[in-house]
Amino acid sequence: MTSSFFVTADWLAEHLSDPDLQVVDARMLPPGQENQRDIQAEYQAKHLPGAPFFDIEALSDHTSAYPHMLPRAETFAVAMRELGISGDKHLVVYDEGNLFSAPRAWWMLREFGAAKVSILAGGLKGWEEAGFELESGAVTLPEAEFEAHFDTQVVKRLTDVLLISHEGGAQIVDARAANRFKGEVDEPRPGLHRGRIPGSLNVPWNTLVDEGQLKSSEQLKAIFSAQGVDLTKPIVTSCGSGVTAVVVILALTTLGIENVRLYDGSWGEWGSRDDLPIAVG
Numbered sequence: 013m014t015s016s017f018f019v020t021a022d023w024l025a026e027h028l029s030d031p032d033l034q035v036v037d038a039r040m041l042p043p044g045q046e047n048q049r050d051i052q053a054e055y056q057a058k059h060l061p062g063a064p065f066f067d068i069e070a071l072s073d074h075t076s077a078y079p080h081m082l083p084r085a086e087t088f089a090v091a092m093r094e095l096g097i098s099g100d101k102h103l104v105v106y107d108e109g110n111l112f113s114a115p116r117a118w119w120m121l122r123e124f125g126a127a128k129v130s131i132l133a134g135g136l137k138g139w140e141e142a143g144f145e146l147e148s149g150a151v152t153l154p155e156a157e158f159e160a161h162f163d164t165q166v167v168k169r170l171t172d173v174l175l176i177s178h179e180g181g182a183q184i185v186d187a188r189a190a191n192r193f194k195g196e197v198d199e200p201r202p203g204l205h206r207g208r209i210p211g212s213l214n215v216p217w218n219t220l221v222d223e224g225q226l227k228s229s230e231q232l233k234a235i236f237s238a239q240g241v242d243l244t245k246p247i248v249t250s251c252g253s254g255v256t257a258v259v260v261i262l263a264l265t266t267l268g269i270e271n272v273r274l275y276d277g278s279w280g281e282w283g284s285r286d287d288l289p290i291a292v293g
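Given below as structure tokens:
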């Protein structure tokens, strides 16, 4: 394993019936695939036994104009109770197997107060390839206990990031693909400018991942170093909508880096504005 934040399929299969363990399905479609696939139908077709669907889209703040913004703590707690997700159990989250969305669920659950959260290495794909049991249909669980609290300091807002971009004080690390970061291609979400936050650095999230888990610590350090990231200085992560930025947070947390914050609005907010500076090239 690359870090203590992951569990293997073999380990999970052995502990699946433990009363203090709960599996959570956190699959999510990448932007642009919403009209091609039905993630709810895919979940209903097959998922790990007893795993409720942690729908990142549905669990976002729908009063915001920007995608996947964090909900209020009280709203999140109610949703977890209704899903039957218990805050005092060992929660194991998984996605399709690409490590695309499980880190966002891992981060949300941790930051809202869950006692212990792990990620299934290899996700659904790895579990299925190992020949372990799957089930279909909806999962209905009794209401659970979940007390949510949230430290607002773990999230940076647009004004914070604008100040950092102008004056420094932290590094802005963008997890989008290099061609999006450079402004060479259109964003998958319509209506957004091309480009990046001035002064930001680019660490594409998928360069940190290998077969549904993080690369080794040595490889992660080398990637960050090659992209000009100083691990001794504060870091704010960004991406398209605050999802894959958490892959970077997961990697940094694995390396023992603590001074890391998320720009939750990310390019979905910054790139939608006409009054903010943008760098390209």
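Just so you know, we're using the working numbering here: the sequence shown kicks off at 13 and counts up by one.
C-beta atoms are modelled at their ideal positions from N, C-alpha and C, and glycine is treated no differently.
Report yes if the C-beta distance between residue i and residue j is below 8 Å; otherwise report no.
| i | j | result |
| --- | --- | --- |
| residue 61 | residue 123 | no |
| residue 24 | residue 132 | yes |
| residue 278 | residue 257 | yes |
| residue 19 | residue 130 | yes |
| residue 149 | residue 56 | yes |
| residue 151 | residue 64 | yes |
| residue 158 | residue 89 | yes |
| residue 243 | residue 220 | no |
| residue 213 | residue 288 | no |
| residue 33 | residue 102 | yes |
| residue 93 | residue 156 | yes |
| residue 143 | residue 109 | no |
| residue 209 | residue 229 | no |
| residue 43 | residue 201 | yes |
| residue 167 | residue 262 | no |
| residue 284 | residue 211 | no |
State buried or exposed for residue i, treating a residue as buried only when at least 16 other CB atoms are found within 10 Å of its CB.
| i | result |
| --- | --- |
| residue 249 | buried |
| residue 49 | exposed |
| residue 240 | exposed |
| residue 216 | buried |
| residue 14 | Residue confidence is low: residue 14 scores 47 on pLDDT, short of 50, so the model does not pin down where it sits. No coordinate-derived value is stated. |
| residue 59 | buried |
| residue 21 | buried |
| residue 192 | buried |
| residue 66 | buried |
| residue 70 | exposed |
| residue 183 | buried |
| residue 16 | exposed |
| residue 31 | exposed |
| residue 29 | exposed |
May I ask which residues mark the beginning and end of the alpha helix (DSSP H) holding residue i?
| i | result |
| --- | --- |
| residue 95 | 85-95 |
| residue 231 | 229-238 |
| residue 118 | 114-123 |
Along the chain, where does the beta strand (DSSP E) that runs through residue i open and close?
| i | result |
| --- | --- |
| residue 171 | Per DSSP, residue 171 belongs to no beta strand (DSSP E); it is in the alpha helix (DSSP H), 170-179. |
| residue 33 | 33-37 |
| residue 274 | 272-275 |
| residue 80 | No beta strand (DSSP E) holds residue 80; DSSP gives it neither H nor E. |
| residue 104 | 102-106 |
| residue 131 | 128-132 |
| residue 249 | 247-250 |
| residue 185 | 183-186 |
If I'm right that residue i touches residue j with Cβ under 8 Å, what's the distance once you round it to whole angstroms?
| i | j | result |
| --- | --- | --- |
| residue 274 | residue 254 | 6 Å |
| residue 259 | residue 187 | 6 Å |
| residue 105 | residue 117 | 4 Å |
| residue 107 | residue 127 | The Cβ separation is near 21 Å, so there is no contact. |
Kindly indicate if chain D contains any beta-carbon less than 8 Å away from that of residue i.
| i | result |
| --- | --- |
| residue 49 | This model lacks chain D altogether, as it is built from one protein chain only. |
Should the region 22-40 be regarded as contacting the region 70-78, the criterion being three or more beta carbon pairs within less than 8 Å? At 8 Å Cβ cutoff, the stretches do not touch.
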